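Enquirer: This is the structure, below, for whatever I ask next.
Protein chains in written order, with the working numbering: chain A, 664 to 919; chain B, 664 to 919.
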């Protein structure tokens with residue numbers, strides 16, 4: 664039995680999220696089906712994060728155990744061939760120690776949220792970003808965001824369906840920046856933590872948008888956090904702007 | 664009668680190009696239909712450039728003459744409402760002098776070509792870039808590209824369907840760079856000229872790819888140019904990597 668770590672990129676638009684669902688297609692099901700076609704084995708995919716319907720990944724990390732003797736490069740190529748035409752790609756593949764675990768060894772997760780701040784509807788970025796028509800003050804959003812950094816009870820920013828035992832998390836980074844490239848100007852929100860609660864990033868982004876639009880005072884974000892009350896949440900940002908960017912691991916295969 | 668200049672962004676994937684076609688949907692037809700629904704008029708759209716099936720635009724400039732008395736902002740909003748669900752957006756709209764012409768007043772056109780240089784298939788960038796699996800030497804591509812800059816007979820890099828009277832054009836810029844962003848690393852090719860021949864950018868990019876892959880010596884690009892012979896073309900790059908980025912105008916409404 665060999666454990667393989669896979670780095671996965673996907674367009675979340677056609678999927679009911681990463682994890683397997685009874686009621687519709689999932690990234691996990693597509694990859695597990697491709698694994699079966701490549702190896703004949705029924706393997707289970709374990710991933711660093713869970714993602715909702717419509718959320719994308721640039722560098723999700725997953726692992727799988729296989730009996731078949733296959734080189735990582737060959738496995739990657741075969742999976743990509745069998746994943747077509749689903750918008751899922753294995754962009755890296757390596758063998759790991761059997762103790763290494765894509766979810767439990769992960770010591771850091773990074774998300775990106777894209778807002779296109781303009782009146783015109785999206786074309787090339789449709790299903791890839793949140794279009795917000797009224798002007799957003801990204802500097803006010805960034806200042807307000809700093810109140811969320813550090814160790815807090817994030818109950819306000821947690822889905823009622825969240826299964827985490829503890830709502831206390833340490834948020835290492837929540838930066839709001841204007842990013843300009845050939846495709847126009849966007850507001851990017853970068854979030855990093857060891858781990859996140861279900862809907863935490865989208866809930867934080869939704870409230871930051873209220874601050875940026877002037878509907879919330881900057882201090883209201885800290886007040887919502889302190890309330891530890893989901894009903895104080897201003898807005899949950901839509902899924903299509905959210906990207907799982909990166910999972911970090913220590914050199915120690917057991918995690919830090 | 665008022666002339667309006669429109670700046671247009673579109674995802675070219677579902678269209679048979681910008682200009683109206685008998686055999687399928689076009690960006691021009693969608694916009695002209697929306698104009699009719701907004702104004703009741705049968706207006707004709709004139710554009711700075713033509714684009715092929717699958718080619719995108721970030722800032723195409725077009726103009727239209729309307730009898731209806733309407734503010735530019737209202738026209739833009741109404742067009743965007745009527746263009747849904749087509750992936751076309753009017754991102755700017757202004758009144759112009761009646762002598763100003765989106766095509767004939769244009770003194771500069773800029774294109775971007777995106778190559779994703781990796782083995783894995785595209786997911787989020789599918790239909791948005793050319794995936795090239797073997798390693799490309801972008802520095803060799805850039806060096807070779809400089810031989811095409813300046814005033815030349817571009818017959819080699821011209822479609823057999825090109826309707827231009829003269830194959831002599833002045834290429835102002837052909838830069839090949841590695842661009843890194845949150846979505847990964849890409850090779851971007853920037854091309855600027857007063858005007859281009861039909862397929863010129865894609866033909867130049869196709870040959871540059873051969874240089875980058877080592878299939879062509881760097882000098883072969885200059886040799887192909889000097890041959891003035893379409894049969895010396897190495898490769899026409901596919902349309903989905905090409906973006907019409909910008910049309911430039913002098914302050915003089917008649918052009919320069």
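Just so you know, even glycine gets a beta-carbon here, dropped at the ideal spot from N, CA and C.
Treat the numbers as computed from the prediction; the structure is a model and nothing was measured.
1. Please compile the residues from chain B whose C-beta is within a distance smaller than 8 Å of the C-beta of residue 753 of chain A.
2. Closest by CA to residue 876 of chain B, which one among B/767, B/711, B/745 and B/807?
3. Determine the chain A residues that contact residue 721 of chain B at a beta-carbon separation under 8 Å, and present them in chain order.
4. Out of curiosity, what's the CA-to-CA distance linking residue 776 of chain A and residue 907 of chain A?
5. From the beta carbon of residue 775 of chain B, is the nearest beta carbon of chain A less than 8 Å away?
6. When the cut-off is 8 Å and only beta carbons count, does residue 798 of chain B lie next to chain A?
7. Might you give, ordered along the chain, the residues of its own chain that have their beta carbon closer than 6 Å to the beta carbon of residue 918 of chain A, omitting 5 neighbours on each side?
8. Compare the C-beta of residue 855 of chain A against all C-beta atoms of chain B and say whether one is closer than 8 Å.
9. When DSSP builds the beta bridges, which residues end up paired with residue 690 of chain A?
10. Output, in chain order, the set of chain B residues within a Cβ distance shorter than 9 Å of residue 695 of chain A.
11. Identify, in the order they occur along the chain, each residue of the same chain with its Cβ nearer than 7 Å to the Cβ of residue 766 of chain B, setting aside the five sequence neighbours on each side.
12. Does the separation of the CB atoms of residue 717 of chain A and residue 863 of chain A fall below 8 Å?
13. Ignoring anything shorter than 3 residues or poking outside the stretch 717 to 757 of chain B, list the beta strand (DSSP E) runs there in chain order.
14. Less than 6 Å between C-beta atoms, sequence neighbours within five positions excluded: which residues of the same chain meet that for residue 855 of chain B?
15. If you draw a straight line from the alpha carbon of residue 820 of chain A to that of residue 889 of chain A, how long is it in whole angstroms?
16. Measuring straight from C-alpha to C-alpha, what distance separates residue 866 of chain A and residue 745 of chain B?
17. For residue 747 of chain B, which residues in chain A fall below 7 Å Cβ to Cβ?
18. To the nearest angstrom, report how far apart residue 842 of chain A and residue 737 of chain B are at their CA atoms.
19. In chain order, which continuous runs of the alpha helix (DSSP H) of length 4 or greater are located wholly inside the stretch 840 to 905 of chain B?
20. Spell out whether any CB of chain A is found under 8 Å from the CB atom of residue 841 of chain B.
21. Report the rounded CA-to-CA distance for residue 844 of chain B versus residue 812 of chain B, giving the unit in angstroms.
22. Distance, Cα to Cα, residue 732 of chain B vs residue 725 of chain B?
23. Taking 8 Å as the CB-CB cut-off, is residue 791 of chain A touching chain B?
24. Rounded to a whole number of angstroms, what is the C-alpha to C-alpha distance between residue 911 of chain A and residue 802 of chain B?
25. For the beta strand (DSSP E) holding residue 815 of chain B, just list the boundary residues, first then last.
26. Using C-beta distances below 6 Å, list every residue in its chain close to residue 827 of chain B, excluding the 5 sequence neighbours before and after it, in chain order.
27. Can you check whether the CB of residue 750 of chain A is closer than 8 Å to the CB of residue 786 of chain B?
28. Is there a C-beta anywhere in chain A that falls below 8 Å from the one on residue 735 of chain B?
29. Residue 806 of chain B lies in the beta strand (DSSP E); which residues open and close that run?
Expert: So, to answer that:
1. Along the first chain, one-based indexing puts residue 753 of chain A at 90. Within chain B, the residues near residue 753 of chain A are 783.
2. Looking up residue 876 of chain B in the second chain gives position 213. Comparing Cα positions, the closest option is B/807.
3. Your numbering for residue 721 of chain B matches position 58 in the second chain. Those are 787, 845, 846 and 847, listed as they occur along chain A.
4. Within the first chain, residue 776 of chain A is the residue found at index 113, counting from 1. Within the first chain, residue 907 of chain A is the residue found at index 244, counting from 1. Whole-angstrom Cα-Cα distance: 9 Å.
5. As a first step, residue 775 of chain B is located in the second chain; it is residue number 112 there, counting from the start. Yes - at least one Cβ of chain A is within 8 Å of the one on residue 775 of chain B.
6. Here residue 798 of chain B refers to the residue found at position 135 when the second chain is read from its first residue. Not closer than 8 Å to any Cβ of chain A, the Cβ of residue 798 of chain B fails to qualify, so no.
7. Here residue 918 of chain A is taken as the residue at index 255 of the first chain, counted from 1. Confidence at residue 918 of chain A is low in this model, with a pLDDT of 42, below 50, so its placement is unreliable and the value that follows should be read with caution. 768 and 770.
8. Your numbering for residue 855 of chain A matches position 192 in the first chain. Not one chain B Cβ lies under 8 Å of residue 855 of chain A.
9. Translated into the one-based positions of the first chain, residue 690 of chain A becomes position 27. In DSSP, residue 690 of chain A forms no bridge with anything.
10. Taking the first residue of the first chain as 1, we reach residue 695 of chain A at position 32. Those do not exist, as residue 695 of chain A stays about 18 Å from chain B at its closest Cβ, beyond 9 Å.
11. As a first step, residue 766 of chain B is located in the second chain; it is residue number 103 there, counting from the start. Counting only Cβ-Cβ distances below 7 Å, and skipping sequence neighbours, we find 709, 710 and 711.
12. Residue 717 of chain A sits at position 54 when you count from the first residue of the first chain. Residue 863 of chain A sits at position 200 when you count from the first residue of the first chain. In this structure, residue 863 of chain A does not lie closer than 8 Å to residue 717 of chain A by Cβ.
13. 719 to 729
14. Looking up residue 855 of chain B in the second chain gives position 192. Once the five neighbours on either side are set aside, the close Cβ partners of residue 855 of chain B are 773, 835 and 836.
15. Here the question's residue 820 of chain A lines up with position 157 in the first chain. Here the question's residue 889 of chain A lines up with position 226 in the first chain. Their backbone Cα atoms lie some 11 Å apart in a straight line.
16. Sequence index remark: in the first chain, residue 866 of chain A carries index 203 (1-based). Sequence index remark: in the second chain, residue 745 of chain B carries index 82 (1-based). So the two alpha carbons sit approximately 32 Å from each other.
17. The sequence position of residue 747 of chain B within the second chain is 84, counting from 1. Neighbours of residue 747 of chain B on chain A, chain order: 784.
18. For the purposes of this step, residue 842 of chain A is identified with residue 179 of the first chain, where counting begins at 1. For the purposes of this step, residue 737 of chain B is identified with residue 74 of the second chain, where counting begins at 1. Computed Cα separation, rounded: 28 Å.
19. 863 to 875 and 882 to 890
20. The residue given as residue 841 of chain B occupies position 178 in the second chain. Judged by the 8 Å Cβ criterion, residue 841 of chain B is not in contact with chain A.
21. One-based indexing of the second chain puts residue 844 of chain B at position 181. One-based indexing of the second chain puts residue 812 of chain B at position 149. When rounded, the distance between both Cα atoms is 28 Å.
22. Numbered from 1 along the second chain, position 69 holds the residue referred to as residue 732 of chain B. Numbered from 1 along the second chain, position 62 holds the residue referred to as residue 725 of chain B. Rounded to whole angstroms, residue 732 of chain B to residue 725 of chain B spans 19 Å at the Cα level.
23. For the purposes of this step, residue 791 of chain A is taken as the residue at position 128 of the first chain. Yes - at least one Cβ of chain B is within 8 Å of the one on residue 791 of chain A.
24. Here residue 911 of chain A refers to the residue found at position 248 of the first chain. Here residue 802 of chain B refers to the residue found at position 139 of the second chain. Cα-Cα distance, rounded: 32 Å.
25. Counted from its first residue, the second chain places residue 815 of chain B at position 152. Where residue 815 of chain B is concerned, the enclosing beta strand (DSSP E) stretches over 813 to 816.
26. Residue mapping note: residue 827 of chain B aligns to position 164 of the second chain, counting from 1. So the list reads 860, once near-sequence residues are dropped.
27. Along the second chain, one-based indexing puts residue 786 of chain B at 123. Along the first chain, one-based indexing puts residue 750 of chain A at 87. It is a contact, given that the beta carbons lie within the stated cut-off.
28. In the second chain, counting from the first residue as 1, residue 735 of chain B sits at position 72. It does not: the Cβ of residue 735 of chain B has no partner Cβ on chain A nearer than 8 Å.
29. Numbered from 1 along the second chain, position 143 holds the residue referred to as residue 806 of chain B. Premise fails: residue 806 of chain B lies in the alpha helix (DSSP H), 801 to 808, not in any beta strand (DSSP E).
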